[in-house]
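Written out below as structure tokens is the structure these notes cover.
There are 2 protein chains.
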Amino acid sequence: MHLVMIGGSDAGISAALRARELDRTAEITLVVGDAFPNFSICGLPFYLSGEISDWRTLAHRTHEEIESHGIRVLLNTWAESIDPGAHRMTVRAPDGRHQEIAYDRLVVATGAVPVRPSLPGLDDPRVFLLHSMEDSFRLHAFLEKSTPQSAVIVGAGYIGLEMADALTHRGIRVTLIEQADHVLPTVDPDFGAQLDEYLQSHGVTVMTGSRVRGLERTVQGVHVVGEPDWQITADLVLVVVGVAPDTDLAARAGIFTGIRGAIRVDRQMRTNLPDIWAAGDCVETYHRLLDTNTYLPLGTTAHKQGRVAGENMIGGNRVYEGSLGTQVVKVFDWAIGRTGLKASEARAAGYSPRTTRLTTWDHKVYYPGATPLTVSITGDAETGRLLGGQLLGHWQGQVAKRLDILAAALYHQMTVDGLNDLDLSYTPPLSSPWDPVQMAAQQWITSLGDQCS
Amino acid sequence: MHLVMIGGSDAGISAALRARELDRTAEITLVVGDAFPNFSICGLPFYLSGEISDWRTLAHRTHEEIESHGIRVLLNTWAESIDPGAHRMTVRAPDGRHQEIAYDRLVVATGAVPVRPSLPGLDDPRVFLLHSMEDSFRLHAFLEKSTPQSAVIVGAGYIGLEMADALTHRGIRVTLIEQADHVLPTVDPDFGAQLDEYLQSHGVTVMTGSRVRGLERTVQGVHVVGEPDWQITADLVLVVVGVAPDTDLAARAGIFTGIRGAIRVDRQMRTNLPDIWAAGDCVETYHRLLDTNTYLPLGTTAHKQGRVAGENMIGGNRVYEGSLGTQVVKVFDWAIGRTGLKASEARAAGYSPRTTRLTTWDHKVYYPGATPLTVSITGDAETGRLLGGQLLGHWQGQVAKRLDILAAALYHQMTVDGLNDLDLSYTPPLSSPWDPVQMAAQQWITSLGDQCS
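So the sequences go chain by chain: A and B.
The first sequence stops at residue 455 when you use my numbering, and every number in between is there.
The second sequence stops at residue 455 when you use my numbering, and every number in between is there.
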């Protein structure tokens with residue numbers, strides 16, 4: 003049996019490794035469009051900041067390690083078309099020639115491409131989009147050779163924030179432009195507002211509620227013009243306004259697409275076509291709380307979906323249990339993250355969300371080094387069900403893995419009050435007898451009582 | 003209605019605060035045997051190490067804060083007897099006189115006392131047991147005035163380990179004596195053995211499989227003699243071999259006791275007597291995985307049980323959902339913890355435990371500062387159910403709150419494989435796309451497959 007994965011990033015690799023783990027005899031081929039299989043694109047900001055000197059370390063696994071599992075890796079090989087009826091695909095090999103590959107079962111894991119807004123002036127060589135290894139080599143070379151002094155970053159999502167940190171780390175003055183009224187629009191406004199202030203305290207100029215109208219090439223730099231009525235000239239412009247699924251190949255093969263053009267899959271990661279699965283940034287993602295598909299491309303999700311596809315393509319029947327939208331980002335010394343639904347999302351989904359926010363210490367304040375930690379809990383006022391949570395604090399305050407306590411609780415449909423029943427770890431240097439997420443839960447319950455009485 | 007709590011530590015305070023939160027009119031009295039209500043006895047090692055200069059900061063809440071909730075606090079008031087039929091108790095007031103207090107509902111939260119082994123020589127003034135604030139004042143004064151150069155610590159449980167760290171921090175040469183064949187007998191032997199080595203690398207002499215036969219007073223210091231055939235002279239001896247429930251008062255009142263003399267309670271924290279609840283270190287604790295009572299005194303548990311008792315004594319019907327035995331300790335730069343059952347406990351409970359251990363990095367190794375993290379997973383080989391987990395690594399590696407992911411999973415009876423379905427947070431500086439606990443779960447599954455095939 004010949005299993006083929008199109009795509010050499012998280013989903014494709016996970017599918018290949020899981021299939022190999024369960025089936026030691028199948029022939030497995032990975033068709034990779036570039037020369038960089040299994041690279042951590044989430045690590046690019048840290049390469050660009052100068053914190054990682056050798057980009058090669060960004061590989062989760064080397065080419066050789068992948069092949070040591072008996073997986074054939076075809077690098078610089080571009081999948082051009084799929085003939086689902088004939089179970090064959092056509093690729094353009096590194097030498098430019100077309101070749102046919104027969105498959106028995108296929109995983110489409112073509113990932114996503116950065117959204118390229120329709121703005122005049124994007125073709126300036128000092129303007130960069132950031133997604134692939136090649137993008138980042140080009141930007142890295144520019145940073146090293148042209149030593150820009152100022153940068154405009156368009157988009158204050160996860161990558162925009164990491165790049166604001168990265169470029170500040172290089173001594174570059176950064177202006178961050180965001181359409182929404184706070185940075186990191188995936189968190190609640192009050193959390194975003196706190197982060198706005200924090201970024202400014204680190205020298206980043208933050209312009210929220212701002213839209214770019216266009217870019218102009220000048221001798222001084224790139225002239226960025228926007229609304230409401232501003233203009234900035236910078237040596238470098240980075241446009242990071244999200245990604246879109248890369249599904250042209252799939253669509254041409256007759257694979258159904260849906261939300262934002264992403265491939266429609268069921269919870270076994272099957273497409274509408276026989277013997278074709280799909281996973282990762284190119285597919286719709288089942289959301290466990292919304293009980294419906296969304297488009298939510300994340301590395302963690304790609305790994306899980308790839309693993310499910312890899313198991314099912316060799317005869318398994320594993321179900322993808324869904325995303326909770328759990329995400330965390332480190333910006334300067336803070337970690338900030340979310341899981342589940344933010345208040346506005348919960349309201350849109352028909353819940354009666356109530357949110358409380360608590361600022362306390364990451365551990366007993368009598369022990370040296372305690373740092374403030376803010377926990378926000380969103381629950382349904384009618385049923386008491388936990389809907390989501392957000393955390394913000396110094397990264398050493400175990401922010402990310404405290405978020406995961408909430409993620410585990412959300413997975414199991416716990417109530418907010420149920421959090422208090424969890425037997426969580428405590429020692430004074432690392433927590434409190436009630437973990438801060440439990441203290442926040444208690445505040446949520448009390449405030450609900452106050453409102454009801 | 004008059005609610006009375008006997009005991010001013012975690013369980014008593016939690017009961018009082020929860021009752022007050024739900025009932026703003028009840029009269030609430032806290033009978034506290036010493037002058038230190040709501041002190042964090044878990045913080046004593048850090049006071050004794052010198053890391054905390056003012057012992058007053060060890061109070062979770064001050065006397066005034068507690069009273070601001072409308073809770074009357076009777077300090078230095080010793081509960082002498084309870085007359086359950088008459089709903090009255092007798093106390094010895096600070097002036098030595100006896101007084102009667104009438105109650106409608108009562109919580110017994112008398113805590114625990116240190117186990118005092120029957121060894122000759124324990125009455126030497128250079129020998130210390132450690133549990134109460136007074137114990138620690140006495141030891142603190144000794145450390146400051148006599149500046150001991152060497153110490154023997156008998157017992158390598160959580161407190162013994164923290165005190166080994168604390169005294170080393172003071173520049174004292176520490177020898178740690180443990181009966182079991184590794185330190186921290188609450189973790190699996192291989193984890194304990196790693197910790198043995200780590201302690202020795204920090205200058206602590208570790209003697210496992212060793213039993214103390216007696217102590218002799220000499221001019222050079224305290225002469226500690228033990229088996230198999232050793233003797234050590236030290237300036238200071240600390241005996242920390244566990245605690246026993248303090249239930250003399252309860253037993254004399256006709257309250258049933260059981261395991262190790264702890265008060266028998268149901269899952270509503272009711273004793274056998276009407277209108278009397280009990281909580282904290284003086285009671286038996288329901289174990290969620292064993293589905294039976296155990297004796298497992300912990301601060302986290304005391305808080306939860308106190309909260310349940312406080313809720314129920316004013317007419318609630320809350321159930322204590324049980325302990326998983328989750329515990330963590332920081333020793334030098336390591337955190338080490340456990341949740342659920344260790345392999346030997348699982349075997350004794352009738353499971354078919356299989357344990358795998360994985361050492362990986364706390365975050366993507368390409369990002370600076372990655373530290374090794376060891377995760378051990380115990381699951382049932384027949385059902386795949388997760389039974390327990392242990393973690394060990396640098397405290398900054400989010401060891402404690404990663405343990406809590408496992409605790410949350412255990413709470414919900416997940417399988418080991420189910421861990422891979424959890425949508426946990428990831429960013430390269432703080433984790434990996436599969437969290438280390440998920441990587442360990444995958445290794446467990448693979449190794450099980452290998453064994454079965």
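The beta carbon of each residue, even a glycine, is placed where N, CA and C say it ideally should be.
Under the three-state DSSP convention, the category residue i falls into
| i | result |
| --- | --- |
| residue 4 of chain A | strand |
| residue 326 of chain A | coil |
| residue 57 of chain A | helix |
| residue 381 of chain A | strand |
| residue 413 of chain B | helix |
| residue 266 of chain B | coil |
| residue 289 of chain B | strand |
| residue 374 of chain B | strand |
| residue 85 of chain B | strand |
| residue 361 of chain B | strand |
| residue 66 of chain B | helix |
| residue 165 of chain A | helix |
| residue 102 of chain A | strand |
| residue 300 of chain A | coil |
| residue 171 of chain B | helix |
| residue 305 of chain A | helix |
| residue 222 of chain B | coil |
Closer than 7 Å to chain B by CB, residue i
| i | result |
| --- | --- |
| residue 44 of chain A | yes |
| residue 299 of chain A | no |
| residue 449 of chain A | no |
| residue 147 of chain A | no |
| residue 446 of chain A | no |
| residue 370 of chain A | yes |
| residue 249 of chain A | no |
| residue 302 of chain A | yes |
Beta-carbon proximity check, residue i vs residue j, cutoff 7 Å
| i | j | result |
| --- | --- | --- |
| residue 267 of chain B | residue 273 of chain B | yes |
| residue 435 of chain B | residue 301 of chain A | yes |
| residue 103 of chain B | residue 91 of chain B | yes |
| residue 377 of chain B | residue 438 of chain B | yes |
| residue 86 of chain A | residue 255 of chain A | yes |
| residue 239 of chain B | residue 265 of chain B | no |
| residue 406 of chain A | residue 427 of chain B | yes |
| residue 409 of chain B | residue 326 of chain B | yes |
| residue 296 of chain B | residue 348 of chain B | no |
| residue 401 of chain B | residue 389 of chain B | no |
| residue 157 of chain B | residue 242 of chain B | yes |
| residue 75 of chain A | residue 62 of chain A | no |
| residue 227 of chain A | residue 215 of chain A | yes |
| residue 251 of chain A | residue 81 of chain A | yes |
| residue 354 of chain B | residue 383 of chain B | yes |
Any C-beta of chain A under 7 Å from that of residue i
| i | result |
| --- | --- |
| residue 59 of chain B | yes |
| residue 455 of chain B | With a pLDDT of only 36 at residue 455 of chain B, under 50, the local geometry of the prediction cannot be trusted, and the value read off the model is given with reservation. Not one chain A Cβ lies under 7 Å of residue 455 of chain B. |
| residue 35 of chain B | no |
| residue 48 of chain B | yes |
| residue 6 of chain B | no |
| residue 132 of chain B | no |
| residue 55 of chain B | no |
| residue 305 of chain B | yes |
Supposed contact pair residue j and residue i - C-beta distance, whole angstroms, cut 8 Å
| i | j | result |
| --- | --- | --- |
| residue 478 of chain A | residue 50 of chain A | Limits of chain A in this structure are 3 at one end and 455 at the other, which puts residue 478 of chain A out of reach. |
| residue 235 of chain A | residue 244 of chain A | Not confirmed; about 25 Å, so no contact. |
| residue 178 of chain B | residue 209 of chain B | 7 Å |
| residue 333 of chain B | residue 432 of chain A | In fact, because the Cβ distance is near 12 Å, the residues do not count as touching under 8 Å. |
Practice task
Please name the residues in the region 421-442 of chain B whose beta-carbon is closer than 8 Å to at least one beta-carbon of chain A, in chain order.
Solution key: Residues 422, 423, 424, 425, 426, 427, 428, 429, 430, 431, 432, 433, 435, 436 and 437.
Exercise for the section: Check each residue of the region 394-419 of chain A: if its Cβ is closer than 7 Å to any Cβ of chain B, include it; give the result in chain order. Expected result: Under the 7 Å Cβ criterion, the region 394-419 of chain A contributes 397, 398, 400, 402, 403, 404, 405, 406, 407, 409, 410, 411, 413 and 414.
Exercise for the section: Could you name the residues of the region 327-344 of chain B whose beta carbon sits closer than 8 Å to any beta carbon of chain A, in the order they occur along the chain? Expected result: Within the region 327-344 of chain B, those residues whose Cβ lies closer than 8 Å to any Cβ of chain A are, in chain order, 327, 328, 329, 330, 331, 332, 337, 339 and 341.
Exercise for the section: Return the residues of the region 311-326 of chain A that lie within a Cβ-Cβ distance of less than 7 Å from chain B, sorted by chain order. Expected result: Listed by position, the residues of the region 311-326 of chain A near chain B (Cβ gap below 7 Å) are 323, 325 and 326.
Practice task
Report the residues of the region 16-40 of chain A with a CB closer than 7 Å to any CB of chain B, ordered along the chain.
Solution key: Residues 23.
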